[in-house]
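Have a look at the structure below, then the notes.
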Amino acid sequence: MVCKIPEWVLYYPKEKQHIRNPGRIEMSEQLIVWMVKLRMIKLEDHLGRRFEKLRISLLNECNFSCVYCVSEDFGDISVNTVQKSPADQPLTPDEFTRLIEAVHRLTGLKSIRLTGGEPLLYSNLFPLINHIQKIGISDIRLTTNAYYLKEKASRLFDAGVKSINISVDAIDQDIFNEISRHPNTSRVFSGIDAAVKAGMNVKLNAVIMRGKNDSQIIPLLDYATALGVKIRFLELMKMGHLYHSENGLFFSEKEMLSIIQEKYAIESIQREHAETAHYWRTSNGGTFGIIANESTPFCHDCNRLRMDSNGFFYGCLSNAHGEKLSAYMDDDFLLTEKLRGLLRLKQPVKFHGSELSMRNIGG
0 MVCKIPEWVL
10 YYPKEKQHIR
20 NPGRIEMSEQ
30 LIVWMVKLRM
40 IKLEDHLGRR
50 FEKLRISLLN
60 ECNFSCVYCV
70 SEDFGDISVN
80 TVQKSPADQP
90 LTPDEFTRLI
100 EAVHRLTGLK
110 SIRLTGGEPL
120 LYSNLFPLIN
130 HIQKIGISDI
140 RLTTNAYYLK
150 EKASRLFDAG
160 VKSINISVDA
170 IDQDIFNEIS
180 RHPNTSRVFS
190 GIDAAVKAGM
200 NVKLNAVIMR
210 GKNDSQIIPL
220 LDYATALGVK
230 IRFLELMKMG
240 HLYHSENGLF
250 FSEKEMLSII
260 QEKYAIESIQ
270 REHAETAHYW
280 RTSNGGTFGI
290 IANESTPFCH
300 DCNRLRMDSN
310 GFFYGCLSNA
320 HGEKLSAYMD
330 DDFLLTEKLR
340 GLLRLKQPVK
350 FHGSELSMRN
360 IGG
């Protein structure tokens, strides 16, 4: 039998958890940990939110320098906004594996998404995927810019990565090159074709920015429809160098829908639990979603936990200060305490922006 973890266990101050409360059951700290490990009680907050999905930034290096990720002068001062000591180094594959296993033991993770930076640049990608599967997590997904995907799509599929998100911000090559600050984005489309051919569940992601690529909404939608894949248009997030000012680039969900409805009739699809996007069907057989972080927030049922390449964990993107859990992975009690603390950081309604760089945390 699975019971909801008592609210007082999650929110009562640690130093007072043994004080008897009238009408409430008193539980020892060790008993709580064992009940969590045995899934007799669930690690969740007062809104019923749990950590079911873990997003892992394998590295902060990327071969693109997209304008929403890196500042105009290429000297993105927000890349290392989260202060880390000189001793902090990227995790080894073994450390990644041990941390994932420890968190999974207490939360029962349902899926893992590998991000970056650019995850296809991570030299130990395939051994790590194999280790994750051995832990017992079979739903492994990946987000990539697809530049190196053509050569790796089939191998990824065979390794167990069945679902992949691909960032593609324009069909027009000049616009795409300007956004990515890369001269050869044509390889992205070869990578997309390879992923579809390999049998992957492909979703395309496009961050829409005023004056940059808002003209590309229909071309991107038509491309995705012809390819038989879903596309998601993203509102610009106030992160990293855009935290204090979006420089007039923000383009809203309402504006995106207005452009699409000028060409197609659309039908809304009911949103699934914890889904970041609201989806619509178009009259020509396409499916698109909009991740409207500002216009239609989805914080109320967020089930994501994030880890960066140094082992810092983030319960919410609104909090720029991560918790380094590697020091607690052999102590289930302390790890449970830290995870409960990360749950408490989740915003109840809306994301408020963050100085975290997308390059560091993978979105």
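Mapping of the sequence shown onto numbering that gives the first Met the number 0: position 173 corresponds to residue 172, and the numbering continues sequentially without gaps.
From the three backbone atoms N, C-alpha and C, an ideal C-beta is built for every residue, glycine too.
{"query": "Assigned exposure category for residue 348 - 16 Cβ within 10 Å defines buried", "result": "exposed"}
{"query": "Start and end residues, alpha helix (DSSP H) containing residue 156", "result": "152-158"}
{"query": "Other residues of its chain near residue 52: CB distance less than 6 Å, five sequence neighbours each side excluded", "result": "110, 302, 303"}
{"query": "Best match in 163, 353, 300, 182 for proximity to residue 244 [C-alpha to C-alpha]", "result": "353"}
{"query": "Proximity to residue 137 [Cα-Cα], best of 154, 108, 147", "result": "108"}
{"query": "For residue 196, the first and last residue of its enclosing alpha helix (DSSP H)", "result": "185-197"}
{"query": "Per DSSP, the bridge partner or partners of residue 69", "result": "None; residue 69 has no bridge partner."}
{"query": "Buried/exposed call for residue 211, threshold 16 Cβ in 10 Å", "result": "buried"}
{"query": "The region 143-153 touching the region 187-205, judged by at least three CB pairs closer than 8 Å", "result": "yes"}
{"query": "In DSSP terms, what residue 205 is bridged to", "result": "232"}
{"query": "Distance, residue 252 Cα to residue 350 Cα", "result": "16 Å"}
{"query": "Inside the region 105-164 only - alpha helix (DSSP H) runs reaching at least 4 residues", "result": "124-134, 152-158"}
{"query": "Cα-Cα separation, residue 341 to residue 65", "result": "29 Å"}
{"query": "Every unbroken beta strand (DSSP E) within the region 293-326, with a cutoff of 3 residues, ordered by chain", "result": "303-306, 311-313"}
{"query": "Beta-bridge pairing of residue 249 - partner residues as DSSP gives them", "result": "208"}
{"query": "Residue 289, DSSP secondary structure in three states", "result": "strand"}
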